[in-house]
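In our numbering, the protein residues as written are 9 to 180.
Shown next, in structure tokens, is the structure this report addresses.
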Amino acid sequence: MAAPVTAAVVAILFMAGLVLLYQGSHIERIYTGVMAWGLDLSGMEPEQAQEALRAAFPYPEQSQITFTDSGGGRQWTYSLAELGLTFDVESTVDTAYLIGRQGNPWSRLKQQFSSWYYGQAVAPIVLLDEAVLDQAVGEMAAEVNRPAMDASLSFSGADVGYEASQVGRSLD
Numbered sequence: 009m010a011a012p013v014t015a016a017v018v019a020i021l022f023m024a025g026l027v028l029l030y031q032g033s034h035i036e037r038i039y040t041g042v043m044a045w046g047l048d049l050s051g052m053e054p055e056q057a058q059e060a061l062r063a064a065f066p067y068p069e070q071s072q073i074t075f076t077d078s079g080g081g082r083q084w085t086y087s088l089a090e091l092g093l094t095f096d097v098e099s100t101v102d103t104a105y106l107i108g109r110q111g112n113p114w115s116r117l118k119q120q121f122s123s124w125y126y127g128q129a130v131a132p133i134v135l136l137d138e139a140v141l142d143q144a145v146g147e148m149a150a151e152v153n154r155p156a157m158d159a160s161l162s163f164s165g166a167d168v169g170y171e172a173s174q175v176g177r178s179l180d
């Protein structure tokens with residue numbers, strides 16, 4: 009009876025040692041298998057992960073969208089940042105860092121194993137400032153909007169005046 013009990017105790021101590029070694033190697037680091045937007049953040053400190061994400065995804069500052077007025081041929085080009093879209097790198101990395109660090113000890117252990125074995129994707133946190141977007145759309149609308157006018161006749165004594173109708177346009 010002593011041999012099986014000793015073997016079980018040794019196995020439990022060995023597993024506990026492996027868990028402690030794994031957790032110790034990830035102090036102030038993101039656990040293995042955690043990704044954001046397909047970028048592997050395993051073993052990175054939060055500052056390193058922020059730099060890596062900024063370098064890999066500079067879209068809000070560099071990507072541009074061109075709006076075209078099909079009726080007038082006018083075009084407006086804005087970067088995503090000028091339209092109020094930003095990538096919240098700090099919050100995304102904070103979310104990645106918290107994997108395996110929340111909940112009770114069993115829950116944390118389960119999250120650590122799951123991210124190591126299966127991988128864990130973190131959704132990027134993207135923010136939209138609607139006030140900035142509304143301002144950009146307002147600038148386009150100022151050039152596009154035109155009130156509709158009915159045709160009219162005017163009489164001044166014996167003279168008759170005529171104004172043609174005007175088709176209205178508005179930016180939706």
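Idealized CB from N, CA, C, for every residue including glycine.
A quick note: this is a predicted structure, and the numbers were derived from the prediction, not measured.
- The C-beta distance from Thr100 to Leu61 rounds to 7 Å, short enough to meet the 8 Å contact threshold.
- A Cβ-Cβ distance of about 5 Å is found for the pair Trp84 and Met148, placing them in contact under the 8 Å criterion.
- Contact between the segment 95-115 and the segment 34-41 is present: 3 or more CB-CB pairs across the two stretches fall below 8 Å.
- No Cβ-Cβ contact shorter than 7 Å links Ala156 with Ala172.
- In this structure, DSSP gives Gly169 an extended state, which the three-state scheme calls strand.
- Within its own chain, the residues whose Cβ lies closer than 7 Å to the Cβ of Ser71, once the five positions on either side in sequence are excluded, are Ser87 and Leu88, listed in chain order.
- Residue burial is scored here from C-beta neighbours: Met9 has fewer than 16 other C-beta atoms within 10 angstroms and is therefore classed as exposed.
- The alpha-carbon separation between Val168 and Leu161 amounts to approximately 7 Å.
- Taken through DSSP and simplified to helix, strand or coil, Tyr126 comes out as coil.
- At a Cβ-Cβ threshold of 7 Å, Asp96 and Ile133 count as neighbours.
- Burial is judged here by how many other beta carbons sit within 10 angstroms of a residue's own beta carbon; Phe22 has fewer than 16 and is exposed.
- Under DSSP, Met148 forms no beta bridge with any residue.
- Annotation for Ser178: Asn153 place their beta carbon closer than 6 Å to its own, counting only its chain and skipping 5 residues before and after.
- For the pair of segments examined, the segment 23-39 was found to touch the segment 49-63: the number of CB pairs separated by less than 8 Å reaches three.
- In the structure shown, Val134 falls within a strand segment according to DSSP collapsed to helix, strand and coil.
- With a 10 Å radius around the Cβ and a threshold of 16 neighbouring Cβ atoms, Gln143 comes out exposed.
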